[in-house]
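Enquirer: Quick one: this structure, given as structure tokens, is what I'll be asking you about.
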Amino acid sequence: MSIRTTAAEAYREALPVVAVSAVGGLFAGVVLGGMEAELSQVPGLLLLVPALLATRGNVYGSLGARLASALHQGLVEPRFDFADRRTRAAIAAAMANGVLVSVFAALSGFGLLVALGRNHASLATLVAVAFIAGVISGVLLTLAVVGVVFIGHRRGINPDTLAGPVVTTTGDVVGIATMLFAVRVVLALGGG
Amino acid sequence: MARWTVCGIVADMMPVLAVLTLLELVSGVVLDTFQATLLRFPSLLVLVPVTIGLAGNIGSIMASRLSTATHLGLLSFEPTDETLAGNALATVGIAVTLFPAVGAGAWVVQALLAGTRLPLGTVVLVATLSGAALAALAVLVTVAATYTAFRVGADPDDVVLPVVTNTCDVFGVLVLFAVVRLLV
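Sequence lines, in order, name chains F and V. To convert, take the position in the first sequence, counting from 1, and add 310; that gives the working numbering. To convert, take the position in the second sequence, counting from 1, and add 187; that gives the working numbering.
Quick look at the structure:
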């Protein structure tokens with residue numbers, strides 16, 4: 311194959327997937343754009359945005375990849391009653407990872423803000439936002455990933471090609487939307 | 188062989204996740220630095236997640252294609268290599284196709300929802316320039332990471348993908364910051 315045909319093939323294959331995730335990213339951006347008030351009220355929250363979004367992708371992307379490989383190997387059954395020991399372990403581990411890393415991001419982010427002398431909200435506020443957003447996004451993304459991988463597998467679609475785009479598309483939207491929800495809850499409870 | 192206990196999976200992943208989180212906090216610091224500009228021009232704030240996301244995406248697609256080619260023994264790390272040059276070209280092509288549309292999309296939704304202070308042309312130009320620079324950086328990062336994994340004998344599927352995705356995330360914010368500084 312020449313460079314041109316390789317490039318044309320890679321372009322055609324990847325463009326639709328990237329375009330769909332761009333639309334997802336724009337939705338996430340619209341929510342973030344509407345968060346001006348919360349971002350000003352909770353200084354330092356914006357610092358956590360990339361870390362929290364990346365955590366969603368890293369943790370639940372890996373859950374999707376793990377389940378997809380296990381389906382290929384016949385290690386798990388694509389059943390939704392969660393009777394499967396391995397499925398349960400993978401989901402519980404992903405939830406634990408997601409929440410722990412979110413809280414770790416808030417703690418280290420707070421440390422950075424203090425070290426750099428930046429304006430910042432209280433540690434409790436940032437940790438509470440990260441924790442609440444971590445739990446809710448974990449539930450939603452687990453449902454999305456497990457649902458898509460299992461249903462895809464039953465219909466004969468390679469779950470490997472499904473898991474990645476689904477996580478990148480829903481991860482940003484769910485990540486930002488749950489952050490907005492969490493920050494509103496924390497502000498309503500008197501944080502800031 | 189993947190472990191299938193909760194503790195096993197958490198222990199396997201936590202160190203990598205912690206390091207990647209610290210890496211992402213670097214781009215968080217950059218965002219925090221230009222928070223005032225972003226809050227004044229929300230159409231730029233709309234661009235933040237999509238720029239980060241697209242940068243990571245085009246990097247990860249190229250990375251997984253190069254990883255597969257390495258596994259199949261189809262890749263030589265020469266600029267004239269068809270797989271290498273072809274995928275690099277496709278990466279730049281995808282960025283140049285999508286980023287102007289993303290800029291226009293960000294401006295349109297923001298204009299409909301809340302009104303904008305920046306002209307359409309500026310937002311499209313910011314997105315397009317960021318996209319072109321990010322595509323070039325994504326190619327460099329991907330090739331460097333795949334080559335390093337190949338040389339040290341690591342499985343590129345395990346290492347390269349998270350490294351490339353998260354590095355491109357950070358570059359996404361840095362490049363956006365630089366372009367906004369230049370144009371706005």
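Just so you know, even glycine gets a beta-carbon here, dropped at the ideal spot from N, CA and C.
Out of V:A319, V:S251, V:V313 and V:V371, state which residue places its alpha-carbon closest to the alpha-carbon of V:V350.
Expert: What you label residue 350 of chain V is simply residue 163 of the second sequence in a count that begins at 1. The shortest C-alpha separation from V:V350 is found at V:S251.
Enquirer: Please confirm whether V:P229 has its beta-carbon closer than 7 Å to some beta-carbon of chain F.
Expert: As a first step, residue 229 of chain V must be located in the second sequence, where it is residue number 42. Yes, V:P229 counts as interfacial toward chain F.
Enquirer: So if I threshold CB-CB distances at 7 Å, which residues from the region 252-281 of chain V count as touching chain F?
Expert: Cβ contacts with chain F come from R252, E269, T270, A272, G273, N274, L276, A277, G280 and I281.
Enquirer: Do we get a CB-CB distance below 7 Å when we pair V:D356 with the residues of chain F?
Expert: Residue numbering aside, residue 356 of chain V sits at position 169 when the second sequence is read from its first letter. Chain F, which has a Cβ nearer than 7 Å to the Cβ of V:D356, makes this yes.
Enquirer: Let me make sure I understand the geometry here. Which of V:L210, V:M200 and V:I239 has the alpha-carbon closest to that of F:L336?
Expert: Locating residue 336 of chain F in the first sequence gives position 26, where the first residue counts as 1. Looking at the Cα atoms, V:I239 is the closest of the given residues.
Enquirer: Whole angstroms are fine: how far does the CA of F:S412 sit from the CA of V:V366?
Expert: Your numbering for residue 366 of chain V matches position 179 in the second sequence. Your numbering for residue 412 of chain F matches position 102 in the first sequence. If you take the alpha carbons of V:V366 and F:S412, they lie about 29 Å apart.
Enquirer: Looking at the unbroken alpha helix (DSSP H) that takes in F:S312, where does it start and where does it end?
Expert: Here residue 312 of chain F corresponds to residue number 2 of the first sequence, with the count starting at 1. Neither: F:S312 is in no alpha helix (DSSP H) and is coded neither H nor E.
Enquirer: Taking 7 Å as the CB-CB limit, is F:F441 close to chain V?
Expert: For the purposes of this step, residue 441 of chain F is taken as the residue at position 131 of the first sequence. So no, F:F441 is outside the interface.
Enquirer: Smallest Cα separation from F:A402: which of V:V193, V:L369, V:L370 and V:R368?
Expert: Within the first sequence, the letter at position 92 stands for residue 402 of chain F. The candidate whose alpha carbon is nearest that of F:A402 is V:V193.
Enquirer: Does chain F have any CB closer than 7 Å to the CB of V:A298?
Expert: For the purposes of this step, residue 298 of chain V is identified with residue 111 of the second sequence, where counting begins at 1. V:A298 does not count as touching chain F.
Enquirer: Check the Cβ of F:Y370 against every Cβ in chain V and list those closer than 9 Å, keeping chain order.
Expert: Within the first sequence, the letter at position 60 stands for residue 370 of chain F. The premise fails here: F:Y370 is roughly 12 Å from chain V at the closest Cβ pair, so nothing lies under 9 Å.
Enquirer: For the region 315-360 of chain F, which segments carrying the alpha helix (DSSP H) assignment without a break, of at least 4 residues, lie completely within its bounds, in sequence order?
Expert: Here the runs fully enclosed are 346-351.
Enquirer: Got a sec? Which residues, its chain only, sit under 7 Å from F:L362 by beta carbon, not counting five neighbours each side?
Expert: Counting from one through the first sequence, the residue named residue 362 of chain F turns up at place 52. Closer than 7 Å at Cβ, skipping near neighbours: S412, A415, A440, A443, G485 and M489.
Enquirer: Once DSSP output is grouped into helix, strand and coil, what is the label at V:V362?
Expert: Sequence index remark: in the second sequence, residue 362 of chain V carries index 175 (1-based). Looking at V:V362 - three-state DSSP - the assignment turns out to be helix.
Enquirer: Counting only beta-carbon atoms, is F:G343 nearer than 7 Å to chain V?
Expert: Counting from one through the first sequence, the residue named residue 343 of chain F turns up at place 33. Yes - at least one Cβ of chain V is within 7 Å of the one on F:G343.
Enquirer: What are the start and end residues of the alpha helix (DSSP H) that includes F:A438?
Expert: Here residue 438 of chain F is taken as the residue at index 128 of the first sequence, counted from 1. Counting along the chain, the alpha helix (DSSP H) containing F:A438 begins and ends at L433 to R464.
Enquirer: Kindly indicate the opening and closing residues of the alpha helix (DSSP H) around F:F268.
Expert: Residue 268 of chain F lies beyond the stretch modelled for chain F, which goes from 311 to 502, so this question has no answer here.
Enquirer: By Cβ distance, which residues of its chain are closer than 6 Å to V:A332, with the 5 residues on each side in sequence left out?
Expert: For the purposes of this step, residue 332 of chain V is taken as the residue at position 145 of the second sequence. Excluding positions up to five away in sequence, the list reads V347, V350 and V351.
Enquirer: Could you have a look at F:G371 and say whether DSSP puts it in helix, strand or coil?
Expert: In the first sequence, the residue the question calls residue 371 of chain F occupies position 61. In the structure shown, F:G371 sits in a helix (DSSP, three-state: H, G or I).
Enquirer: Counting contacts by CB-CB distance shorter than 7 Å, is V:S214 in contact with chain F?
Expert: Counting from 1 along the second sequence, the entry for residue 214 of chain V is found at position 27. V:S214 counts as touching chain F.
Enquirer: Would V:M188 be called buried (16 or more neighbouring beta carbons within 10 Å of its own) or exposed?
Expert: As a position in the second sequence, residue 188 of chain V is number 1, starting the count at 1. The pLDDT assigned to V:M188 is 48, lower than 50, so where the model puts this residue is not dependable; a value taken from the coordinates is nonetheless given after this. When all chains shown are included, V:M188 counts as exposed.
Enquirer: Taking one C-beta from the region 357-371 of chain V and one from the region 216-230 of chain V each time, how about it: are there three or more such pairs within less than 8 Å?
Expert: Counting Cβ pairs under 8 Å, three or more are found: they touch.
Enquirer: Would a C-beta distance cut-off of 7 Å place V:G290 and V:V310 closer than the cut-off?
Expert: Here residue 290 of chain V corresponds to residue number 103 of the second sequence, with the count starting at 1. Here residue 310 of chain V corresponds to residue number 123 of the second sequence, with the count starting at 1. Against a cut-off of 7 Å, the Cβ pair of V:V310 and V:G290 comes out as a contact.
Enquirer: For the putative contact between F:V386 and F:T397, defined by C-beta atoms under 8 Å, what is the C-beta separation to the nearest angstrom?
Expert: Position 76 of the first sequence, counted from the first residue, corresponds to residue 386 of chain F. Position 87 of the first sequence, counted from the first residue, corresponds to residue 397 of chain F. Their Cβ separation, rounded to whole angstroms, is 5 Å, which keeps F:V386 and F:T397 in contact under 8 Å.
Enquirer: Does DSSP classify V:M188 as helix, strand or coil?
Expert: Residue numbering aside, residue 188 of chain V sits at position 1 when the second sequence is read from its first letter. Model confidence at V:M188 stands at a pLDDT of 48, short of 50, so the residue's coordinates are unreliable and nothing is read from them.
Enquirer: Give the secondary structure of V:N274 by DSSP, where H, G and I count as helix, E and B as strand, and everything else as coil.
Expert: As a first step, residue 274 of chain V is located in the second sequence; it is residue number 87 there, counting from the start. Helix, per DSSP.
Enquirer: Give every residue of the same chain whose Cβ lies closer than 6 Å to the Cβ of V:L305, excluding the five residues on either side of it in the sequence, and list them in chain order.
Expert: Counting from 1 along the second sequence, the entry for residue 305 of chain V is found at position 118. Hits under 6 Å: F228 and S230.
Enquirer: Tell me whether the beta-carbon of V:A322 lies closer than 7 Å to the beta-carbon of V:A277.
Expert: Along the second sequence, read from residue 1 onward, the residue named residue 322 of chain V stands at position 135. Along the second sequence, read from residue 1 onward, the residue named residue 277 of chain V stands at position 90. Cβ atoms of V:A322 and V:A277: not closer than 7 Å.
Enquirer: Contact criterion: CB-CB distance below 7 Å. Does V:V347 meet it with respect to chain F?
Expert: Taking the first residue of the second sequence as 1, we reach residue 347 of chain V at position 160. It does not: the Cβ of V:V347 has no partner Cβ on chain F nearer than 7 Å.
Enquirer: Is the region 364-383 of chain F in contact with the region 469-479 of chain F, if contact means three or more CB pairs nearer than 8 Å?
Expert: With the cut-off at 8 Å, the region 364-383 of chain F and the region 469-479 of chain F touch.
Enquirer: Under a CB-based cut-off of 7 Å, is V:W191 close to chain F?
Expert: Taking the second sequence and counting its residues from 1, the one referred to as residue 191 of chain V is at position 4. Taking Cβ atoms only, chain F reaches closer than 7 Å to V:W191, which makes this a yes.
Enquirer: Name the chain F residues that come within less than 9 Å of V:P202, Cβ to Cβ?
Expert: In the second sequence, counting from the first residue as 1, residue 202 of chain V sits at position 15. Those within 9 Å of V:P202 in chain F number zero; the least Cβ separation is about 11 Å.
Enquirer: Find the nearest neighbour of F:V495 within the set F:G466, F:L450 and F:T435, judged by alpha-carbon distance.
Expert: Residue 495 of chain F sits at position 185 when you count from the first residue of the first sequence. Among F:G466, F:L450 and F:T435, the Cα nearest to that of F:V495 belongs to F:T435.
Enquirer: If the cut is a Cβ gap below 7 Å, which residues of chain F does V:V289 touch?
Expert: For the purposes of this step, residue 289 of chain V is taken as residue 102 along the second sequence, with counting starting at 1. The answer, in chain order, is A332 and L336.
Enquirer: DSSP three-state call for V:D356: helix, strand or coil?
Expert: What you label residue 356 of chain V is simply residue 169 of the second sequence in a count that begins at 1. Helix.
Enquirer: Report yes if the C-beta distance between V:V233 and F:G343 is below 7 Å; otherwise report no.
Expert: One-based indexing of the second sequence puts residue 233 of chain V at position 46. One-based indexing of the first sequence puts residue 343 of chain F at position 33. Closer than 7 Å, so yes.
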